[in-house]
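Q: 749 is the number that UniProt numbering gives to position 749 of the sequence shown; each next residue is one higher, with no gaps.
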Amino acid sequence: MQKFFGASLFRFKNFLDKPRLLKRHLLWAMSWPLGALLLALLGWFLLLSDLEHGRQRAEATAMREALNMAKNYAGHLVRSFDIVDQTLLHVRYEWELTNGKLQLETLNRKKLFQAGSLFDVTIVNRNGRIDTSTMANVRNSYIGDRQFFTAQKFAIIDFLYLGGAVYSPGLARDIVHFARSLSQPDGSFAGTVMVGVGAEYFTTTYTEISLGKHGLLALVGDDGAMRATRVGNTINNRGVFAFTKMPQFTMLWGSKLMEGETWFADGRPRYIGWQQIEGYPLVAIAGLDQADALAPYLATRATSIRNAVLASVVLFCFAMIAMILSIRLAWRKHQLEQTQATYRMATEEGHEGFFIAKQVCDKERKMVDFVAVDCNSYGARLFQQRREGVIGKHFSTLLPEPERQEFMVRMMQAMASSFYEGELQATGEWSAPVKWVHLKMVRSNDELAITMRDISDTKAHVSELERRGNEDALTGLPNRHWIQSFLPQAIARARTEHSMLALLFIDLDGFKGINDTMGHPVGDELLRYTAERLKVAVRPHDHVVRLGGDEFVVIVEQLEDRHDVAHVADRVVAAFKEKFRLSQGTHLIGTSIGISVFPEDGMDADTLLQNADIAMYAVKTAGKGNYRFYEHQLYEDLRKRVDREQELRHAIENDELLIYYQPRLDIKTGMVSSMEALVRWQHPSRGLIEPLEFIGLAEETGLILGIGELVLDKVCAQLATWSQREREILPVSVNVSPRQFNHRHFIKVVTACIKRHRIPAQLLEIEITESCMMGDSHDVSAALAALQKMGIKILIDDFGTGYSSLSQLQRLDFDVLKVDRAFTSEVAKTEEGKVFFTAIITMAHALGMRVVAEGVENARQIEVLRRLQCDEIQGFYIAKPLPPAARQSDFPLQIMPVFV
Numbered sequence: 001m002q003k004f005f006g007a008s009l010f011r012f013k014n015f016l017d018k019p020r021l022l023k024r025h026l027l028w029a030m031s032w033p034l035g036a037l038l039l040a041l042l043g044w045f046l047l048l049s050d051l052e053h054g055r056q057r058a059e060a061t062a063m064r065e066a067l068n069m070a071k072n073y074a075g076h077l078v079r080s081f082d083i084v085d086q087t088l089l090h091v092r093y094e095w096e097l098t099n100g101k102l103q104l105e106t107l108n109r110k111k112l113f114q115a116g117s118l119f120d121v122t123i124v125n126r127n128g129r130i131d132t133s134t135m136a137n138v139r140n141s142y143i144g145d146r147q148f149f150t151a152q153k154f155a156i157i158d159f160l161y162l163g164g165a166v167y168s169p170g171l172a173r174d175i176v177h178f179a180r181s182l183s184q185p186d187g188s189f190a191g192t193v194m195v196g197v198g199a200e201y202f203t204t205t206y207t208e209i210s211l212g213k214h215g216l217l218a219l220v221g222d223d224g225a226m227r228a229t230r231v232g233n234t235i236n237n238r239g240v241f242a243f244t245k246m247p248q249f250t251m252l253w254g255s256k257l258m259e260g261e262t263w264f265a266d267g268r269p270r271y272i273g274w275q276q277i278e279g280y281p282l283v284a285i286a287g288l289d290q291a292d293a294l295a296p297y298l299a300t301r302a303t304s305i306r307n308a309v310l311a312s313v314v315l316f317c318f319a320m321i322a323m324i325l326s327i328r329l330a331w332r333k334h335q336l337e338q339t340q341a342t343y344r345m346a347t348e349e350g351h352e353g354f355f356i357a358k359q360v361c362d363k364e365r366k367m368v369d370f371v372a373v374d375c376n377s378y379g380a381r382l383f384q385q386r387r388e389g390v391i392g393k394h395f396s397t398l399l400p401e402p403e404r405q406e407f408m409v410r411m412m413q414a415m416a417s418s419f420y421e422g423e424l425q426a427t428g429e430w431s432a433p434v435k436w437v438h439l440k441m442v443r444s445n446d447e448l449a450i451t452m453r454d455i456s457d458t459k460a461h462v463s464e465l466e467r468r469g470n471e472d473a474l475t476g477l478p479n480r481h482w483i484q485s486f487l488p489q490a491i492a493r494a495r496t497e498h499s500m501l502a503l504l505f506i507d508l509d510g511f512k513g514i515n516d517t518m519g520h521p522v523g524d525e526l527l528r529y530t531a532e533r534l535k536v537a538v539r540p541h542d543h544v545v546r547l548g549g550d551e552f553v554v555i556v557e558q559l560e561d562r563h564d565v566a567h568v569a570d571r572v573v574a575a576f577k578e579k580f581r582l583s584q585g586t587h588l589i590g591t592s593i594g595i596s597v598f599p600e601d602g603m604d605a606d607t608l609l610q611n612a613d614i615a616m617y618a619v620k621t622a623g624k625g626n627y628r629f630y631e632h633q634l635y636e637d638l639r640k641r642v643d644r645e646q647e648l649r650h651a652i653e654n655d656e657l658l659i660y661y662q663p664r665l666d667i668k669t670g671m672v673s674s675m676e677a678l679v680r681w682q683h684p685s686r687g688l689i690e691p692l693e694f695i696g697l698a699e700e701t702g703l704i705l706g707i708g709e710l711v712l713d714k715v716c717a718q719l720a721t722w723s724q725r726e727r728e729i730l731p732v733s734v735n736v737s738p739r740q741f742n743h744r745h746f747i748k749v750v751t752a753c754i755k756r757h758r759i760p761a762q763l764l765e766i767e768i769t770e771s772c773m774m775g776d777s778h779d780v781s782a783a784l785a786a787l788q789k790m791g792i793k794i795l796i797d798d799f800g801t802g803y804s805s806l807s808q809l810q811r812l813d814f815d816v817l818k819v820d821r822a823f824t825s826e827v828a829k830t831e832e833g834k835v836f837f838t839a840i841i842t843m844a845h846a847l848g849m850r851v852v853a854e855g856v857e858n859a860r861q862i863e864v865l866r867r868l869q870c871d872e873i874q875g876f877y878i879a880k881p882l883p884p885a886a887r888q889s890d891f892p893l894q895i896m897p898v899f900v
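As structure tokens, then:
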């Protein structure tokens, strides 16, 4: 109940604190929106002033352009009037030359005047009738009452008459008449020559590029008569002009803004420029539509106002956010002050040190130290002091070197960024039981809230995990993960120091056989002894690494030349000359070592490891038990090996493997007792390839499993074919590699193959080598028993070359013992060979096994083997391996004359 009321009172106190805090910081919080308002008002004032100046500049520019256009227009009109006057003078001259007989129709037909153009030329006689004209069907028409005629008839001097715009119904347009008088030789009035020009001719200079869509061109006479007007693409006719009233200009030239409703029929205001036409009683007027002229300015104005509105909104939002954040910051500061006291009390009995540190500045306001304002008891104990002894002290006096400088740097980082979190290693005596502390610092004004937590146990645990991650659990050596981190650093170091670095890639010779035959515990024991020997063989500062399996790497640094590397490699090879004493006997294990050197053989870790591996493989293929430096040719050899592997894989997939059969003879009867299936490779380009060229590669790459299954399937299929064609056939033996025999699915594969081809199991024999017997004795016995239970005979192939012992022969039940050709070749040469072979036969017969002598080469060997009571013989002298026949009886089943 007390806790409930205490919590309620605390919440109520917080509720009352907020209004008080807001009232205390109201002016500070409102400074943000007030400042933003003043800034916005100033910005708007400057913007509107600039826009007004911009409008004035735009209007001044428009009026200058209108005046310039009017001047250009006036110049164009002067040239146009001169052309018309020249036409009048030319026609009058022609009229005088022809004694008044000029026919304009003829000139028109000869295209001296273009019919239908804006020009029409007419000659009127003194009676006011048309004598000739470029217009059709007007001859003898009376026009003596026209103003241009009467003006010339009563004129005292010769002058150019320029009339107003008169609408012509026939031409459907306004016509402006130009005229000069014609005189008789005695000087009396003879008529007039008149040119009628379409009013639109005087506005042809109009272009939208210059004047816009609503621009204006106008020609006004001093007499107040309008000759021509044009607004945009509209040419005014029939006395209807753009102006609603005639403008009056007091100056020869100028420009001004004319309001649309007052002056123009379309009601659009325009900037007007005018120019008095020199030599003519006319004024040229050009006008720019106000909206068109101010369009760029108005677009800029709209964009500026839009941006200003957006900026004002953003500024207002920023001010409001800043005001809210200011209030929240003040509230958080208030809470922090309360929390500090509460947190210190709460952590008095906790496992975190808590400090309030205030910055100390020098005379130049530069931060130089921190003073402990408050702390809890646990924090004081970290400095091996009491709380009262810590408060008020500078942190520079609490911390000894080397931690002092590091701690001060981190505190200043926290002041600069308002937050810091990290770890500090305590190497001095200020916190003797503590090795690592976790630091967390939060700034509040000129103070730091600091928490310190002892993480020594955590760091020790992480360090142990890192050690385990970089250490091989079996041997205690650094592992692949470690070398991936260390080797690039070592290479960078060697590159900087311009020194050499070498990698020894080590693979154990014969390890797989021991591991497969004696079991993984013995293999692990051998790997541990190998690690010890390698550490003894190399130099103290060299690094021995286990990559995995039976592969090791030695990193050799600080080299003068390749001889130093060779010396280390010689020591490693020599270290493995001595047999290993394992729990299951002594064994001699060699090493194959490939060496790559930085920088000659690679500039990075992956390349050096790859090239050292290639060199090691070259040692393996060359006989093992040695070392070799990397050469580029080794890479080419490896590439060729990979190519051969691909070819062999392709051969398996495309059924390029053939089965040949070699008879096995009963030495007493001379009859074939069985056949051995031997695989051959029918290569597309190289022809028939013997197994010695590819079985080794198949063993190394694991392809032997696929080859073994393929051979087993082909033999069973052949036996099935023979069984369908003959009543009685002989069994066929199939060689099984140790890897295939020890595979967990081997028995299932054999059983499935027999069932698939529906042959009696007695027709199939399995030949295994002595190394197959070196695995787990229980598994080997079970596999042999399963095969023999089906009726399959088991033959030991190449006896005398492997690891078998008499106890194994006695324990495991075999049917046939095939003696290796090495012993057969000696049986007729030396007495020791004969004695050894006799012992084998005696032992095999005692164990209930038949004996087959392999590799028989001559009749002398057969004679000796018969006397020694050998059961069967096999070899090229008896019969070479033969391709399959349609029937088994097609093979020679009785070999003569070897026994004659």
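The C-beta atom is built at its ideal place from N, Cα and C for all residues, glycine as well.
Predicted, not measured: the structure shown is a model, and the values here were computed from it.
Would a C-beta distance cut-off of 9 angstroms place V679 and L703 closer than the cut-off?
A: no
Q: What beta strand (DSSP E) runs, 3 residues minimum, are completely inside the region 156 to 190?
A: 161 to 168, 173 to 183
Q: By the 10 Å Cβ neighbour count, where 16 or more other Cβ atoms means buried, how is P521 classified, buried or exposed?
A: exposed
Q: Exposed or buried, what is N376 when buried is set at 16 or more other beta-carbons lying within 10 Å of its beta-carbon?
A: A residue is called buried once 16 or more other Cβ atoms fall within 10 Å of its Cβ, and N376 is buried on that count.
Q: Where in the region 677 to 747 do unbroken runs of the alpha helix (DSSP H), each at least 4 residues long, occur, reported from the N-terminal end onward?
A: 695 to 701, 704 to 725, 738 to 741
Q: In whole angstroms, what is the alpha-carbon distance linking A416 and V373?
A: 20 angstroms
Q: Would you check if the distance between the CB atom of T475 and the CB atom of L527 is smaller than 9 angstroms?
A: yes
Q: Residues in the same chain with beta-carbon distance under 8 angstroms from G267, minus the five sequence neighbours each way, listed in chain order, please.
A: G260, E261
Q: Buried or exposed: which applies to E364, given that a residue is buried once 16 or more other Cβ atoms fall within 10 Å of its Cβ?
A: exposed
Q: Please report the residue range of the beta strand (DSSP E) in which E352 lies.
A: 352 to 361
Q: In the DSSP assignment, find the beta strand (DSSP E) that holds G585 and state where it starts and stops.
A: Counting along the chain, the beta strand (DSSP E) containing G585 begins and ends at 585 to 587.
Q: Curious, which full-length alpha helix (DSSP H) runs of at least 4 residues does the region 434 to 469 contain?
A: 456 to 469
Q: Does N654 have its Cβ less than 9 angstroms from a Cβ in chain B?
A: As a matter of chain content, chain B is missing from the structure shown, which is built from one protein chain.
Q: Could I get the ranges of all uninterrupted beta strand (DSSP E) runs contained in the UniProt domain "GGDEF" (499 to 632), with 3 residues as the minimum, in chain order?
A: Fully enclosed beta strand (DSSP E) runs of 3 or longer: 500 to 509, 543 to 548, 551 to 559, 580 to 582, 585 to 587, 590 to 598, 627 to 629.
Q: Within 10 angstroms of the Cβ of F511, are there 16 or more other Cβ atoms? Answer buried if so, exposed if not.
A: Answer is buried; the Cβ neighbour count reaches 16.
Q: Hey, A815 and T769 are a contact pair by Cβ (cut 8 angstroms); roughly how many whole angstroms apart?
A: First, the residue type needs correcting, since residue 815 is Asp and not Ala in the sequence shown. With 8 angstroms as the limit, D815 and T769 do not qualify as a contact, their Cβ atoms being about 15 angstroms apart.
Q: If you compare alpha carbons, which of L697, A651, V545, P185 is closest to S685?
A: A651
Q: Among residues of its own chain, excluding the 5 on either side of L762, which ones have a beta-carbon nearer than 6 angstroms to its beta-carbon?
A: Leu is not the amino acid found at residue 762; the sequence shown has Gln there. For Q762, where only same-chain residues beyond five positions count, the Cβ hits under 6 angstroms are G791.
Q: Out of curiosity, what's the CA-to-CA distance linking L329 and M323?
A: 10 angstroms
Q: Going by DSSP, what residue range makes up the beta strand (DSSP E) through F419?
A: First-last of the beta strand (DSSP E) with F419: 419 to 425.
Q: Does H394 come out as helix, strand or coil in the three-state DSSP assignment?
A: Assignment of H394 by DSSP, reduced to helix, strand and coil, places it in the strand class.
Q: Would you identify the three-state DSSP class for D890, choosing helix, strand or coil?
A: Note: D890 maps to helix in three-state DSSP.
Q: Which value, in whole angstroms, describes the spacing of the CA atoms of I766 and V734?
A: 5 angstroms
Q: Using the Cα positions of L817 and N742, report the straight-line distance between them to the nearest angstrom.
A: For L817 and N742, the distance between alpha carbons rounds to 20 angstroms.
Q: What's the gap between the Cα of Q810 and the Cα of K640?
A: 45 angstroms
Q: Would you report the Cα separation of A622 and N515, rounded to the nearest angstrom?
A: 23 angstroms
Q: If we count the other Cβ atoms within 10 Å of its Cβ and call it buried at 16 or more, is V642 buried or exposed?
A: exposed
Q: Report the residue from H778, Y617, A291, L382 whose alpha carbon sits nearest the alpha carbon of H351.
A: L382
Q: Applying the criterion that 16 or more other CB atoms from any shown protein chain within 10 Å of the CB defines a buried residue, is L764 buried or exposed?
A: buried
Q: Go ahead and pull the three-state DSSP assignment for I840.
A: helix
Q: Less than 9 angstroms between the beta carbons of R887 and W722, yes or no?
A: yes
Q: Does the region 190 to 197 come close enough to the region 143 to 154 that 3 or more CB-CB pairs lie under 8 angstroms?
A: Yes: the two stretches touch, three or more of their Cβ pairs being nearer than 8 angstroms.
Q: Can you tell me the Cα-Cα spacing of L399 and T496, whole angstroms?
A: A straight line joining the alpha-carbon of L399 with that of T496 spans about 38 angstroms.
Q: Measure the CB-CB distance between F598 and L501 and report whether it falls below 9 angstroms.
A: Yes, these two residues count as a Cβ contact at 9 angstroms.
Q: Under 9 angstroms, do Y271 and L282 count as touching if we go by C-beta distance?
A: no
Q: If you follow the beta strand (DSSP E) that S771 is part of, which residue opens it and which one closes it?
A: Looking at the DSSP string, S771 is not in any beta strand (DSSP E), and its letter there is neither H nor E.
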